[in-house]
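Have a look at the structure below, then the notes.
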Amino acid sequence: MPTSSFPAVISFGDQQQSRVIQDRNNQDSYSKKLLNAVDVQQIDTDLFMSKQLWIPLGARGVYGGEIVAQSLRAAWNTVEDKFAVHSIHCNFLVSGDHEIPVLYQVQRLRDGRSFATRYVTATQRGKPIFVCTCSFTVANDMVNLEHSAPMPDVPEPENVLSVEDRIKLSMELHPDAPPIVKIFLEERLKDATPVDYRDIRLDDPTSEYFRDKMEPNPRQYQWFRSKEPVESDDPKVHACIMAYASDSNLLGTAAHANGVGFPSKKIGMMASLDHSIWFHRPCRADEWLLYDMHSPLSGEGRGTSFGRIYARDGTLVATTAQEGIIRLRNKDAKPDRFQRAMAQRLQDKQQDTDINLKTNAAQGSRL
Numbered sequence: 000m001p002t003s004s005f006p007a008v009i010s011f012g013d014q015q016q017s018r019v020i021q022d023r024n025n026q027d028s029y030s031k032k033l034l035n036a037v038d039v040q041q042i043d044t045d046l047f048m049s050k051q052l053w054i055p056l057g058a059r060g061v062y063g064g065e066i067v068a069q070s071l072r073a074a075w076n077t078v079e080d081k082f083a084v085h086s087i088h089c090n091f092l093v094s095g096d097h098e099i100p101v102l103y104q105v106q107r108l109r110d111g112r113s114f115a116t117r118y119v120t121a122t123q124r125g126k127p128i129f130v131c132t133c134s135f136t137v138a139n140d141m142v143n144l145e146h147s148a149p150m151p152d153v154p155e156p157e158n159v160l161s162v163e164d165r166i167k168l169s170m171e172l173h174p175d176a177p178p179i180v181k182i183f184l185e186e187r188l189k190d191a192t193p194v195d196y197r198d199i200r201l202d203d204p205t206s207e208y209f210r211d212k213m214e215p216n217p218r219q220y221q222w223f224r225s226k227e228p229v230e231s232d233d234p235k236v237h238a239c240i241m242a243y244a245s246d247s248n249l250l251g252t253a254a255h256a257n258g259v260g261f262p263s264k265k266i267g268m269m270a271s272l273d274h275s276i277w278f279h280r281p282c283r284a285d286e287w288l289l290y291d292m293h294s295p296l297s298g299e300g301r302g303t304s305f306g307r308i309y310a311r312d313g314t315l316v317a318t319t320a321q322e323g324i325i326r327l328r329n330k331d332a333k334p335d336r337f338q339r340a341m342a343q344r345l346q347d348k349q350q351d352t353d354i355n356l357k358t359n360a361a362q363g364s365r366l
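Following numbering that gives the first Met the number 0, the numbering of the sequence shown begins with 0 at its first residue and continues without gaps.
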């Protein structure tokens with residue numbers, strides 16, 4: 000799906016408004032894309048604007064993790080350098096539109112000696128689409144109580160297929176897959192993200208796209224890191240990238256707990272309602288991180304999931320929590336926008352095939 004960039008909409012040099020750039024084939028490096036995805040530009044005191052917005056394949060709006068990361072970056076830009084984030088608590092109000100920039104208004108709630116608190120409102124077209132509270136603290140050398148949940152014993156990331164490799168292998172091993180599924184997988188490969196996600200599948204990792212039901216499992220494990228080294232050593236950047244990635248598959252854990260994956264004809268709607276992150280230790284987002292996710296409950300059209308993020312050495316660097324909408328599709332429901340788009344691409348591909356066949360036949364007859 001397209002990525003929209005909003006470079007220097009406000010230029011303090013010439014105050015000229017620039018155009019919005021939408022590019023499906025952006026040639027920037029993965030590192031550059033990721034840095035832009037979690038960055039904001041200041042346009043006034045405590046007012047910031049997105050540099051880039053991305054809508055994932057099949058999503059209703061802008062990727063939630065991008066809004067979380069940009070809100071955190073905006074808030075962090077308003078505190079002293081001695082402060083580091085220790086928590087963010089978010090509420091998604093409506094889907095974001097990737098065609099116009101998001102404005103982030105930061106409200107300074109508290110500036111203490113040990114803690115600083117910020118409230119961020121993200122708006123589009125003058126209406127709030129997202130709000131969050133960010134809390135920052137300073138390092139201390141006091142005597143502390145310390146304990147940490149141990150890191151699960153899972154396969155190393157080098158022994159786990161990336162999402163892209165799993166899709167390619169799935170297409171090779173299942174040549175007779177339904178055409179609509181093949182179209183989805185082809186589009187998914189085009190929709191490459193700057194983060195390398197590696198889901199740990201203990202069963203057949205190549206069959207999930209070809210079955211509408213799987214063995215229920217309330218727990219998921221996923222390795223992730225940036226696809227390229229991050230061109231920054233700033234801890235703020237790495238914390239924002241981790242926040243960006245933390246929204247990737249957390250809600251899906253609640254669906255997996257019921258034996259439902261994605262894509263699935265059973266799912267009518269999935270969307271985050273709220274998202275929280277507690278930052279325990281600094282980490283690098285270009286080194287492997289393990290996401291241990293579990294879902295204790297789903298019901299009333301919602302699902303709840305919790306997560307722990309570990310550095311490869313076993314250090315627990317963050318804890319997450321999320322609740323979101325998970326609505327099943329009625330049997331008589333009309334195809335949604337995503338299904339219609341996939342069906343249209345399948346029809347277009349078939350028409351292209353028919354045209355090529357007719358052209359080849361005509362050329363053969365002339366010979």
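Note that CB positions come from ideal geometry on N, CA and C, so glycine has one too.
Just the C-alpha distance for LEU108 and VAL236, rounded to the nearest angstrom, thanks. Whole-angstrom Cα-Cα distance: 23 Å.
Would you call ASP233 buried or exposed, if buried means 16 or more other Cβ atoms sit within 10 Å of its Cβ? Flag for ASP233 reads exposed.
Rounded to the nearest angstrom, what separates GLY306 and ILE42 at their Cα positions? Taking the straight line from one Cα to the other gives about 35 Å.
Assuming SER86 and SER28 form a contact by the criterion Cβ under 8 Å, report the distance between their Cβ atoms to the nearest whole angstrom. So it is not a contact: roughly 31 Å between Cβ atoms.
Out of ALA270, ASP246 and PHE82, which has the shortest C-alpha to C-alpha gap to ARG112? Comparing Cα-Cα distances from ARG112 to each of ALA270, ASP246 and PHE82, the minimum goes to PHE82.
Under a three-way DSSP split, which group does ASN216 fall into? Here ASN216 sits in coil by DSSP.
Measuring only the C-alpha atoms, how far is LYS50 from ALA253? Going by the C-alpha atoms only, they are around 32 Å apart.
Taking the straight line between their C-alpha atoms, what separation do you get for THR2 and HIS97? Distance between the alpha carbons of THR2 and HIS97: 7 Å.
Return yes when the Cβ of HIS279 is within less than 8 Å of the Cβ of LEU249, no when it is not. The answer is no: Cβ separation not under 8 Å.
Which residues in the same chain as CYS282 place their Cβ atom closer than 7 Å to its Cβ, once the five residues preceding and following it in sequence are excluded? Closer than 7 Å at Cβ, skipping near neighbours: HIS237, MET241, LEU288, ALA310 and VAL316.
Only counting the same chain, and skipping five residues up and downstream in sequence, which positions put a Cβ closer than 6 Å to that of LEU46? If we look at LEU46 and ignore the five residues flanking it on each side, its Cβ neighbours are GLN104.
Terminal residues of the continuous alpha helix (DSSP H) containing THR136? Not the alpha helix (DSSP H): THR136 falls in the beta strand (DSSP E), residues 126-136.
Among the candidates TYR290, ARG124 and GLY298, whose CA atom is the shortest distance from the CA of ASP152? Answer by Cα proximity: TYR290.
Sequence ranges, alpha helix (DSSP H) only - wholly within the segment 167-194, length at least 4: You should have 178-189.
How is the beta strand (DSSP E) around VAL67 delimited, first residue to last? Counting along the chain, VAL67 falls outside any beta strand (DSSP E), though it belongs to the alpha helix (DSSP H) covering 63-75.
Alpha carbons only, please: which of THR77, ALA148 and PHE223 is nearest the one belonging to THR318? Taking only the C-alpha atoms, the option nearest THR318 is ALA148.
Checking the sheet assignment: what are the DSSP bridge partners for ILE308? Paired residue(s): TYR290 and ALA317.
Tell me which same chain residues have a C-beta within less than 7 Å of the C-beta of ARG187, skipping the five on either side of it? Excluding residues within five positions, the ones whose Cβ falls inside 7 Å are LEU56 and ILE166.
Neighbourhood of VAL39 by C-beta distance below 7 Å, restricted to the same chain and skipping five residues each side: The residues are PHE47, MET48, SER49, LYS50, GLN69, ARG72, ALA73 and TYR103.
What would DSSP say about ASP164, mapped onto helix, strand or coil? Reduced to three states, the DSSP call for ASP164 is helix.
CA-CA distance, LEU168 and PRO154? One alpha carbon belongs to LEU168, the other to PRO154, and they sit about 19 Å apart.
Are SER271 and ASP246 closer than 8 Å when you measure CB to CB? Yes, the Cβ-Cβ distance between SER271 and ASP246 is below 8 Å.
Just the Cα atoms here: how many angstroms apart are GLY298 and VAL119? Between GLY298 and VAL119, the C-alpha separation is close to 30 Å.
For ILE308, is the classification buried or exposed, using 16 other Cβ atoms within 10 angstroms of its Cβ as the cut-off for buried? ILE308 is classed as buried because its beta carbon has at least 16 other beta carbons within 10 Å across all chains shown.
Confirm, please, whether the CB-CB distance from ASN90 to ASP273 is below 8 Å. Yes. Within cutoff.
Candidates ILE266, VAL259, PHE129 and PHE183: which alpha carbon is nearest GLU65's? Comparing Cα positions, the closest option is PHE129.
Which stretch, first to last residue, makes up the beta strand (DSSP E) that contains MET141? For MET141, there is no enclosing beta strand (DSSP E), as DSSP marks it with neither H nor E.
Just confirm the distance between the C-beta atoms of ASP195 and SER161, as a whole number of angstroms; I'd bet it's less than 8 Å. The beta-carbon separation of ASP195 and SER161, rounded to 6 Å, stays under the 8 Å limit for a contact.
What would DSSP say about THR44, mapped onto helix, strand or coil? Residue state, collapsed to three classes: coil.
Cβ-Cβ separation, PHE223 to ALA372 (assumed contact under 8 Å), whole Å: Nothing in the structure corresponds to residue 372, since the chain is present only between 0 and 366.
Given a cut-off of 8 Å on the beta-carbon distance, is the pair THR132 and PHE114 in contact? Result no, Cβ atoms of THR132 and PHE114 do not sit closer than 8 Å.
By DSSP, does ILE240 sit in helix, in strand, or in coil? Here ILE240 sits in helix by DSSP.
Taking GLN221 as the reference, which of PRO156, HIS255 and ILE276 has the closest Cα? The option with the nearest alpha carbon to GLN221 is PRO156.
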